[in-house]
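So in this note's numbering the end of the sequence shown lands on 482, straight run, no missing numbers.
Each residue gets a CB set at the ideal place from its N, CA and C atoms; glycine is no exception.
Below: one structure, written as C-alpha cells.
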Amino acid sequence: MDRLRIEGGRPLEGEVRISGAKNAALPIMCAALLSGEPLELTRVPRLVDVSTMAKLLAQMGVEVERAGEEQMRLAARRVTDPSAPYELVKTMRASVLVLGPLLARCGRARVSLPGGCAIGLRPVDQHVKGLQAMGATITVEHGYMNAVAERLRGARIVMDLVTVTGTENLMMAAALAEGETILENAAREPEVVDLARCLSAMGAKIEGAGTPVVRITGVGTLRGARHAVMPDRIETGTYLAAAAAAGGKVRLVGAALQALDATLEKLREAGAVVRASESAIELEMRERPRAVSLRTEPYPGFPTDMQAQFMALATVASGTALITETIFENRFMHALELQRLGADISLQGNTAVVKGVERLQGASVMATDLRASAGLVIAGLVADGVTTIERIYHLDRGYEALEKKLAALGARVERLRS
Ligand code: EPZ
Numbered sequence: 065m066d067r068l069r070i071e072g073g074r075p076l077e078g079e080v081r082i083s084g085a086k087n088a089a090l091p092i093m094c095a096a097l098l099s100g101e102p103l104e105l106t107r108v109p110r111l112v113d114v115s116t117m118a119k120l121l122a123q124m125g126v127e128v129e130r131a132g133e134e135q136m137r138l139a140a141r142r143v144t145d146p147s148a149p150y151e152l153v154k155t156m157r158a159s160v161l162v163l164g165p166l167l168a169r170c171g172r173a174r175v176s177l178p179g180g181c182a183i184g185l186r187p188v189d190q191h192v193k194g195l196q197a198m199g200a201t202i203t204v205e206h207g208y209m210n211a212v213a214e215r216l217r218g219a220r221i222v223m224d225l226v227t228v229t230g231t232e233n234l235m236m237a238a239a240l241a242e243g244e245t246i247l248e249n250a251a252r253e254p255e256v257v258d259l260a261r262c263l264s265a266m267g268a269k270i271e272g273a274g275t276p277v278v279r280i281t282g283v284g285t286l287r288g289a290r291h292a293v294m295p296d297r298i299e300t301g302t303y304l305a306a307a308a309a310a311g312g313k314v315r316l317v318g319a320a321l322q323a324l325d326a327t328l329e330k331l332r333e334a335g336a337v338v339r340a341s342e343s344a345i346e347l348e349m350r351e352r353p354r355a356v357s358l359r360t361e362p363y364p365g366f367p368t369d370m371q372a373q374f375m376a377l378a379t380v381a382s383g384t385a386l387i388t389e390t391i392f393e394n395r396f397m398h399a400l401e402l403q404r405l406g407a408d409i410s411l412q413g414n415t416a417v418v419k420g421v422e423r424l425q426g427a428s429v430m431a432t433d434l435r436a437s438a439g440l441v442i443a444g445l446v447a448d449g450v451t452t453i454e455r456i457y458h459l460d461r462g463y464e465a466l467e468k469k470l471a472a473l474g475a476r477v478e479r480l481r482s
C-alpha cells in the first residue's frame, strides 16, 4: 500500500487549481440514471470514488466515458441491471445514491446495505423511510435492500434528521414521481443545490434547494443536459487550513467562494488574512495561528468534513481549542495519530481539548478515513523532520493529485509506492 513521505517545517507558497467537488459529482453521476438521454459533465474530479461510481453505473448498463481532463459523458439508454453489489458498495457508501434513481426509472432496485464505516454506523433509515412514503416496498434480506415501486408518488416527508445523501436520494426519486413531494428538514449543503441545478437542467421541477423545505413536482421524463460540477469546498478548505498551519501565502484558483463562510470565518479567527475574489481565494499567514474552538453542524454551520483539518491546525496554535463533533459518533481517530506527532489532545466524549504546542515531531502515522488523512497531511507539513503516512488510499478517494498540488505549493511530499 502506498505511503506519503512529508518533510515538514516549510511554509506553503504558490497557486493551485481546485478540482470539481467529489460530493457533488457522485450524486450527479447517479442522476444520469433518471434519463435515457446523455448527461455531459465537466469539472469531474479524477478520484477513486468517482471511478468506483463509474464502474457501478457501467455494470447497470450505463455508458460512461471520460473525455479529456475533466469531462464525463453518461448515457443510461437502458438500465439492464438495477443493482448495486456489496463488493462495490462496501468500498463507497455513496453507492446508496443509486437507490432513488433506480426506483424512479426502473421501478425496482437491489442495493447492498452500505454497512458502517470508520467514522460511524451511518444508517440509511431516512432514505428508506422517505422512499416508502413515496410508495416503495423495501425489504432487507441477506444484507441487501430489495425495493419495488410501480410508480413512485409524491409525498410530504419530514426527515428526522438532516442527511445530505438522504435529501439527494429522495430529491432524485421525487423528480419522476407522480405529483408533488415536499422534503422538510432537508439538507442545505451546496452539493445538494448543485444536484438540484443539474436536475433542473434535465427538466426537473425543484424549488427551495438549499433551504430546509424542498418542493419537487414530478414529471414524466427527464432529458439529457450539460452540467459543470461545482468546485470542491472541502478540498479548498483543506489547502487553506494547511497554509494557516504551515504559514506562507497560497492562492486557490477556481475555488468555491460562497460555500465556505463558516470555514473562512474560523481561519480569520486563527489570524489568517483571507482575500476572496471572483475566481480565487488567497490566504496569507505570517504568524503562529491562534487556537480556534468549533462545533461541527449541518450547512451552513462548520462542516464536519473540515474538523480533522482544523484539529491539526489547533495542535500547533497558541492557546487551547475545544473541537466538538456533532455529526458522526466516531470521527476523532486522527486525534490518536496526531498524538504520535506530539500533539496534546484529550478526548472528552464528542469534544476534543487541543492544547497547542510549539512544534510537532515527524513520525509514522496511519490514515483511517478520508478527512482524518487530510488532517495528518497538514500535521506532517508543520512537524519537524519526516512524517510518513500509511494507507493513503483513503486520501486518493477524495483528493485529486494531492502530492502534485502540495509540491506546487513548495511542500516536500513524496509518494512511496509499495
Ligand atoms: C455526506 O455523507 C458526505 N458524503 C460526507 O462526506 C459528509 O461528511 C456528510 O454528508 C455530512 O456532511 C457524500 O456526500 C458522498 P449524512 P452522508 O447522511 O450523506 C446520520 C467525505 O469525507 N444518518 O448527512 O452519508 C448519519 O449517521 C464524506 O467526503 C442517519 O442516522 O451523511 C450521520 O450521523 C464523509 N440516518 C448524520 O445522519 C440516515 O438515513 C449525517 O449523515 C442518514 C444519515
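Annotation note: the stretch 87-125 contains the following uninterrupted alpha helix (DSSP H) runs of length 4 or greater, listed N- to C-terminal: 112-122. Residue state for Pro-165 is assigned as helix, using DSSP reduced to three classes.
Excluding five sequence positions before and after Arg-252, the CB atoms of its chain that fall closer than 6 Å to its own CB belong to Gly-274, Tyr-363, given in chain order. For His-291, the enclosing beta strand (DSSP E) begins and ends at 289-292. Taking the Cβ of Gly-406 as the reference point, every heavy atom of the ligand EPZ lies at 7 Å or farther away. Contact annotation: Gly-267 and Gly-243 have beta-carbon atoms that are not nearer than 8 Å. Using a 10 angstroms sphere on the CB of Ser-343, the tally of other CB atoms stays under 16, which defines it as exposed.
Beyond the five residues adjoining it in sequence on each side, Gly-444 comes within less than 6 Å, by CB distance, of Ile-70, Gly-72, Thr-451 in the same chain, given in chain order. In this structure, Ala-447 places its C-beta atom within 8 Å of the C-beta atom of Leu-424. By the criterion of at least three beta-carbon pairs nearer than 8 Å, the stretch 322-334 is not in contact with the stretch 115-127. Under DSSP, Ile-387 shares a beta bridge with Leu-358, Ala-416.
For the ligand EPZ, no non-hydrogen atom lies closer than 7 Å to the CB of Ile-82.
Within the DSSP secondary-structure output, Arg-476 pairs in a beta bridge with Glu-71.
The closest CA to that of Gly-180, considering only Gly-164, Asp-433, Leu-98, is found on Asp-433. Cβ-Cβ distances below 7 Å link Arg-81 to Val-317, Gly-318 in the same chain, with the five nearest sequence neighbours on each side left out; the list follows chain order. Around the beta carbon of Asp-113, a 10 Å sphere encloses 16 or more other beta carbons of the protein chains shown; the residue is thus reported as buried. If you draw a straight line from the Cα of Pro-91 to the Cα of Glu-422, it comes to about 42 Å. Within the DSSP bridge table, the entry for Pro-295 names Gly-84 as partners. Judged by their CB atoms, Thr-229 and Val-153 are not nearer to each other than the 8 Å cut-off. Going by DSSP, Ser-428 is part of the beta strand (DSSP E) stretching over 428-430.
Distance from the Cα of Thr-203 is smallest, within the candidate group Arg-174, Gly-84, Ala-182, for Arg-174.
Assigned with DSSP and collapsed to three states, Ile-183 falls in coil, not helix or strand.
Here DSSP, grouped into helix, strand and coil, assigns Tyr-303 to helix. Taken through DSSP and simplified to helix, strand or coil, Lys-468 comes out as helix.
The three-state reading of DSSP puts Arg-352 in coil, since its state is none of H, G, I, E or B. In its chain, beyond the 5 residues on either side, Thr-379 have a beta carbon closer than 6 Å to the beta carbon of Ala-407. Boundaries of the alpha helix (DSSP H) harbouring Leu-402: 397-404, taken from the DSSP string. When the Cα atoms are used, Leu-177 and Arg-157 turn out to be separated by approximately 9 Å.
According to DSSP, residue pairing for Ile-442 in a beta bridge does not occur. In the pairwise beta carbon analysis, the stretch 95-111 is classified as not touching the stretch 330-338: fewer than three pairs are separated by under 8 Å. For Met-375, the uninterrupted alpha helix (DSSP H) run begins and ends at 371-379, by DSSP.
One thing to note: Pro-367 has its Cβ no nearer than 8 Å to the Cβ of Ala-85.
Secondary structure at Thr-231: helix, using DSSP grouped into helix, strand and coil.
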